[in-house]
Amino acid sequence: MHPTASESASLIVSRGLSKAYGGNYALRDLDLEVRRGEIFGLLGPNGSGKTTTIRLWLGLMRPTRGTATIFGHDCWAGGLQVRRLVSYLPGELRMPGSLTGLGVLKFLSGLRDGEGLDRAEAIADRVMGLDLGKKVRKYSTGMKQKLALAQAFADPVDVLILDEPTSALDPSARLDVLNLVREAKAVGQTIVFSGHVLSEVEAICDRVAILRRGRLVHVEDMHARRRLRMLLVRFEGDQPPPFPEELELTLRRMRGPAFLLEHRGELGPLLRWLATVPVADLAIGTEDLHALYDEYHGPDAVDDDEDRAR
Amino acid sequence: MKPFLTLVRKNLHDARWSLFLSATLLGFLGWLLVYVASRQETRIRQALTSGEGFNWVRRMGLDADPPSIEIMMAFWNHPFIILLVAMFALGRGANAVGAEIERGTLDMVMSRPVSRSAYLGAQVLASSLGILLIAAALAVGAYAATYYNVLKSPPSFRVLMEPALNLAALAFPMYGYTLWFSSMDIVRWRALTAGSALTLAGFIARVIALIPVFEESWWRPWAEHASLFSLYNPVDAVSGRGHVGQDVAILLGLGAGFIALAFLSFAYRDLPANA
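Those sequence lines, one after another, are chains A and B.
Going by our numbering, the first sequence opens with residue 1213, and the numbers climb by one from there.
Going by our numbering, the second sequence opens with residue 2, and the numbers climb by one from there.
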């Protein structure tokens, strides 16, 4: 089977990837591509399939159906080659408490032929401010997470998979991590960022996938989203004026005489058009990722039939 | 090769306390049993000659006027010795996979470029070295004691190592089947319980087979052959009687078979997040 043009630009490719336990699907028919050099966000509540996806990509679990490849290596059959190219930060982090911080870094880099130890020490010591001589059992949860992050960012790999990397960190450490993610992208690494803090995902991701109950329900281009404007407009008179096609206005919702419109183009033509139509009231704003997330996971989110049938 | 050696070093580090305690206790037991043999040697010889008393020693195949080493080895069937070696083997087997998943530390290792066979191979190598070391500690303790206790014919260290190797071989299948259970599981207790139950069943089968009342029973040979413990014969190992080489080969073969099953089970299973 030859890869398509988009697949050859993609680094991680999943085709119909599914994982079932008995009759219950933890992940179903995932078709997803992560492109080289991008920061890709994975969003969804607990149990939505994010961690299952990551574990399938790492070759820790065998897919029930479908395939996943990283750099063309099958994630299950070629798991070892895949893990040579990938560094992973688990969401629930456990470390051997009897080792010192430096001992853990030496152990983890030893499993990668000793590569990245100097850099891991430097990040842990200077950026994260950890005392590497202390036993890990005396570290707080946040300190352990910092130690694992130091190792993940130090690994000489092409792909970083970070599962909730900031969950146990204080605000300043979170900023450090986001900066490290940006630095990793700048040197050409591809990053998969799974998290629950939508503002962080919004701030750094190029694209975001939203999962619900083991299904991929939406992929959003964050660059396009950052250009998105929301217009809440009320026109005078009974009938609204026709929307010019070149403005690419999309009607999101209509409530009485008020229209909620999406706009992704240049601002000038929009303002010029608004000056020519009878506007009674107008508000222009942006929409954060939370609004998109709530469409699938908010209190008003509607289950489709297939979801209910699972 | 470096990831494999890193794992072996880490496994030995993890096992260091149980290794130290087991080796120290077995070394002490080795010493103590030489002391006991030294104090009882004359009485045992008289009993073997007269045919009265010390029947349990006679049942191990000791004739009149045996060498001191055979009298010493009669005590190496002590349940404490077997218990210490079994505890180490069962504990290491149960810790290998199930406990690592339960603690959540397996993710840290298996998300690195480490193959499953390298992971399990490092476990097997470190545990086998540990089993050999604690069995050797028994021989070392006994050998050291021969300098401080009077025996009619003190044995050499090489002779003492033969029953020690038989003891290590006895632990090998125990480690093997517990490792197999662990390699399929996500918690420690289940593998440990299954391994302990199997070991205890083998021990009970051996004890029942040795009870004189059942000597003529048709099922006695079956019970004896069903037990691993019938392949551990320290007296035969030093006397040259019996077929200790064959027994050790069977024990090692059984252990290797169970370990091969563990490799197969581990290679094709899912590795879930911590249980």
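All residues carry an ideal CB built from backbone N, CA and C; glycine is no exception.
Rounded separation between residue i and residue j - CA only
i	j	result
A/Arg1527	A/Leu1459	In the structure as shown, chain A starts at 1213 and stops at 1522, and residue 1527 of chain A therefore has no counterpart that could be examined.
B/Leu126	B/Leu168	17 Å
A/Lys1358	A/Ala1436	32 Å
A/Phe1319	A/Phe1405	25 Å
B/Arg191	B/Ser39	43 Å
B/Pro213	B/Thr43	27 Å
B/Leu229	A/Val1389	56 Å
B/Pro80	B/Met88	12 Å
B/Val160	B/Ser128	24 Å
B/Gln1	B/Phe29	Lying before the first or after the last residue shown, residue 1 of chain B is absent from chain B, which here runs from 2 to 276.
A/Thr1312	B/Pro222	54 Å
A/Val1431	A/Val1420	6 Å
A/Pro1275	B/Met111	17 Å
A/Ile1282	A/Thr1402	11 Å
A/Met1355	A/Met1466	50 Å
A/Leu1411	A/Ile1266	Reading off the sequence shown, one finds Ser at residue 1411 of chain A, where the question assumed Leu. If I take the Cα positions, the gap works out to 22 Å.
B/Met109	B/Ala140	38 Å
B/Phe204	B/Leu34	22 Å
B/Gly196	B/Leu63	33 Å
B/Leu152	B/Ser69	6 Å
B/Glu53	B/Pro164	27 Å
B/Pro4	A/Val1348	21 Å
B/Ser183	B/Arg189	7 Å
A/Ala1366	A/Leu1268	23 Å
A/Glu1376	B/Gln124	30 Å
A/Val1299	A/Ile1373	Before going further, note that residue 1299 of chain A is Ser rather than Val in the sequence given. Taking the straight line from one Cα to the other gives about 6 Å.
Bounding residues of the beta strand (DSSP E) (the contiguous stretch that carries residue i)
i	result
A/Gly1253	1251-1255
A/Lys1346	Taken as a continuous stretch (DSSP letters only), A/Lys1346 belongs to no beta strand (DSSP E), as it is neither H nor E.
A/Glu1245	1236-1247
A/Ile1373	1371-1375
A/His1430	1427-1433
A/Ala1513	Premise fails: A/Ala1513 is in no beta strand (DSSP E) and is neither H nor E.
A/Val1420	1419-1424
Residue i (DSSP reduced to helix, strand or coil)
i	result
A/Asp1337	helix
B/Lys5	Reading off the sequence shown, one finds Phe at residue 5 of chain B, where the question assumed Lys. Looking at B/Phe5 - three-state DSSP - the assignment turns out to be helix.
B/Arg44	helix
A/Tyr1300	strand
B/Ile187	coil
A/Phe1471	strand
A/Leu1463	strand
A/Ala1280	strand
A/Gly1449	coil
A/Asp1388	helix
B/Val245	helix
A/Gly1228	strand
B/Ser51	helix
B/Ala227	coil
B/Ile330	A question about residue 330 of chain B goes unanswered here, because the residues of chain B that appear run from 2 up to 276.
A/Ser1222	strand
A/Asp1382	coil
B/Tyr176	helix
A/Met1442	strand
A/Tyr1233	strand
A/Asp1286	strand
Distance cut-off 7 Å: residue i Cβ against heavy atoms of the ligand SAM
i	result
A/Leu1410	Among the components of this structure there are no ligands whatsoever, and the ligand SAM is therefore not found.
Residue i - containing alpha helix (DSSP H), residue span
i	result
A/Gly1497	It is not in any alpha helix (DSSP H) - A/Gly1497 instead sits in the beta strand (DSSP E) that spans 1491-1497.
A/Ile1403	A/Ile1403 -> not in any alpha helix (DSSP H); beta strand (DSSP E) instead, spanning 1402-1406.
B/Val151	Here B/Val151 belongs to no alpha helix (DSSP H), and DSSP marks it neither H nor E.
A/Ala1362	1353-1366
B/Arg93	80-95
A/Arg1506	In the sequence on display, residue 1506 of chain A carries Asp and not Arg. Run containing A/Asp1506: 1501-1509, per the alpha helix (DSSP H) assignment.
A/Arg1484	1479-1488
A/Val1316	1313-1322
B/Val239	235-240
A/Arg1306	Counting along the chain, A/Arg1306 falls outside any alpha helix (DSSP H), and DSSP gives it neither H nor E.
A/Arg1267	1262-1269
A/Val1413	1410-1416
B/Ser69	69-75
Chain A contacts from the segment 101-112 of chain B (Cβ-Cβ distance under 7 Å): Arg104, Gly105, Thr106, Asp108, Met109, Val110, Met111, Ser112
Members of the segment 1342-1376 of chain A near chain B, C-beta cut-off 7 Å: none
Residues from the segment 115-136 of chain B in contact with chain A, defined by Cβ distance under 7 Å: The segment 115-136 of chain B vs chain A, Cβ under 7 Å: Val115, Ser116.
Residues of the segment 245-273 of chain B with Cβ closer than 9 Å to any Cβ of chain A, in chain order: Tyr269, Arg270, Asp271, Leu272, Pro273
Under 8 Å (Cβ pairs) to chain B, residues found in the segment 1320-1337 of chain A: Leu1320, Gly1322, Leu1323, Arg1324, Asp1325, Gly1326
Length-filtered (4 minimum) alpha helix (DSSP H) runs lying within the segment 107-136 of chain B: 107-111, all fully within the segment 107-136 of chain B.
Members of the segment 1297-1313 of chain A that neighbour chain B once the beta carbon cut-off is set at 9 Å: Leu1297, Val1298, Ser1299, Tyr1300, Leu1301, Pro1302, Gly1303, Glu1304, Leu1305, Arg1306, Met1307, Pro1308, Ser1310, Leu1311
Members of the segment 1247-1276 of chain A that neighbour chain B once the beta carbon cut-off is set at 8 Å: Thr1263, Arg1267, Leu1270, Leu1272, Met1273, Arg1274
Contacting positions in the segment 1467-1478 of chain A - beta carbon closer than 8 Å to chain B: Answer set for the segment 1467-1478 of chain A: empty.
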